[in-house]
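Count along the sequence shown from 1, add 120, and you get the number used in this note's numbering. Each residue gets a CB set at the ideal place from its N, CA and C atoms; glycine is no exception. What you are looking at is a predicted structure, and each value in this text was computed from that prediction instead of being measured. This report refers to the structure that appears directly beneath it.
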Amino acid sequence: VSQSQQSNDDHVNIFDVAKDESVKKLKMPKRSVVQLEWDPNSPQIIRCVADNTLCKLNLDKNMLEQLRFSPPAGHRITRMVRNARLSSMCAIGTDKGQVYLYNTDNGVHETVVTNYKEPIVDLDFDPKSEDYMLVACASGQISMWCVQGAFNMDPKKKEIKPMVITEFSRQP
121 VSQSQQSNDD
131 HVNIFDVAKD
141 ESVKKLKMPK
151 RSVVQLEWDP
161 NSPQIIRCVA
171 DNTLCKLNLD
181 KNMLEQLRFS
191 PPAGHRITRM
201 VRNARLSSMC
211 AIGTDKGQVY
221 LYNTDNGVHE
231 TVVTNYKEPI
241 VDLDFDPKSE
251 DYMLVACASG
261 QISMWCVQGA
271 FNMDPKKKEI
281 KPMVITEFSR
291 QP
């Protein structure tokens with residue numbers, strides 16, 4: 121079992137928690153890593169947000185690769201989460217209240233919603249299906265979205281746009 125963490129000296133340290141020892145230390149070239157996530161299908165790959173850009177670390181090649189997604193100018197990534205059942209799909213939230221779905225295999229992305237007035241503080245996919253996603257804002261608003269078919273690549277099938285199913289707001 122391994123875990124990763126960013127240190128204050130521009131390195132990402134990979135630890136074997138069973139042995140309580142560092143197994144790899146990667147230098148991050150002039151990048152500030154704010155979030156790390158293992159790729160469940162490729163144990164040598166770690167997805168991360170580095171300098172406000174979605175990237176992946178390849179541990180075998182000691183290489184940091186920038187993916188094709190970065191938020192619009194003036195927006196900062198606040199949260200990135202991978203769909204456990206559809207590992208190529210990530211959801212990305214920004215400080216301007218936007219949520220994007222991003223396919224890490226082909227680089228396709230689409231804005232899910234832009235009407236949140238507060239930063240996105242958390243995102244999560246339904247662990248038992250690839251159809252639903254929760255979005256939480258700094259205001260306390262929580263929304264459940266249906267994202268089924270968001271990356272339908274079959275030209276014979278009609279594209280389905282993500283839609284909100286229900287919303288909860290903080291009560292006064």
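Among LYS181, VAL132 and GLN261, nearest to GLU157 - alpha-carbon criterion: Numbered from its first residue, the sequence shown carries residue 157 at position 37. Selected option, being the one with the closest Cα: VAL132.
- prompt: Taking only runs of the beta strand (DSSP E) that begin and end inside the stretch 170-237, which ones reach a length of at least 3 residues, in chain order?
  reply: 173-178, 183-186, 197-202, 209-214, 219-223 and 229-233
query: Do the CB positions of GLU238 and CYS257 come within less than 8 Å of each other?
result: In the sequence shown, residue 238 corresponds to position 118, counting from 1. In the sequence shown, residue 257 corresponds to position 137, counting from 1. Yes; because the gap between Cβ atoms is below 8 Å, this pair is in contact.
query: Which term fits MET253, buried or exposed, when burial requires 16 or more other beta carbons within 10 angstroms of its beta carbon?
result: Counting from 1 along the sequence shown, the entry for residue 253 is found at position 133. It is buried - the Cβ of MET253 has at least 16 other Cβ atoms within 10 Å.
query: Just how far apart, CA to CA, sit SER289 and ASP180?
result: Position 169 of the sequence shown, counted from the start, is the residue given in the question as residue 289. Position 60 of the sequence shown, counted from the start, is the residue given in the question as residue 180. Their backbone Cα atoms lie some 45 Å apart in a straight line.
message: Quick check: what's the CA-CA separation for GLN126 versus LYS139?
response: Here residue 126 corresponds to residue number 6 of the sequence shown, with the count starting at 1. Here residue 139 corresponds to residue number 19 of the sequence shown, with the count starting at 1. Only weak support exists for where GLN126 lies, its pLDDT of 48 falling under 50; the coordinates are left without a value.
task: Can you say whether ASP136 is buried or exposed, counting buried as having 16 or more other CB atoms within 10 angstroms of its CB?
output: Here residue 136 corresponds to residue number 16 of the sequence shown, with the count starting at 1. Counting Cβ neighbours within 10 Å, ASP136 comes out exposed, since fewer than 16 surround it.
field: Reduced DSSP category for SER249 - H, G, I as helix; E, B as strand; rest coil
entry: As a working mapping, residue 249 is identified with position 129 in the sequence shown. Here SER249 sits in coil by DSSP.
query: Under the three-state reduction of DSSP, which class applies to SER142: helix, strand or coil?
result: Taking the first residue of the sequence shown as 1, we reach residue 142 at position 22. SER142: strand per DSSP, three-state reduction.
query: So which of SER190, PRO163 and ARG205 has the shortest CA-CA distance to ARG199?
result: Taking the first residue of the sequence shown as position 1, residue 199 is located at position 79. With respect to the C-alpha of ARG199, the residue from SER190, PRO163 and ARG205 having the closest C-alpha is SER190.
query: DSSP beta-bridge partners for LYS281?
result: Against the sequence shown, residue 281 aligns to sequence position 161. For LYS281, no pairing in a beta bridge is given by DSSP.
query: By DSSP, does SER152 sit in helix, in strand, or in coil?
result: Reading the sequence shown from its first residue, position 32 is the one you call residue 152. Reduced to three states, the DSSP call for SER152 is coil.
query: SER263 lies in the beta strand (DSSP E); which residues open and close that run?
result: For the purposes of this step, residue 263 is identified with residue 143 of the sequence shown, where counting begins at 1. Residues 262-266.
message: According to DSSP, is LYS133 part of a helix, a strand, or is it coil?
response: By one-based count along the sequence shown, residue 133 stands at place 13. Sequence inspection shows Asn at residue 133; the Lys mentioned does not correspond to that position. Strand.
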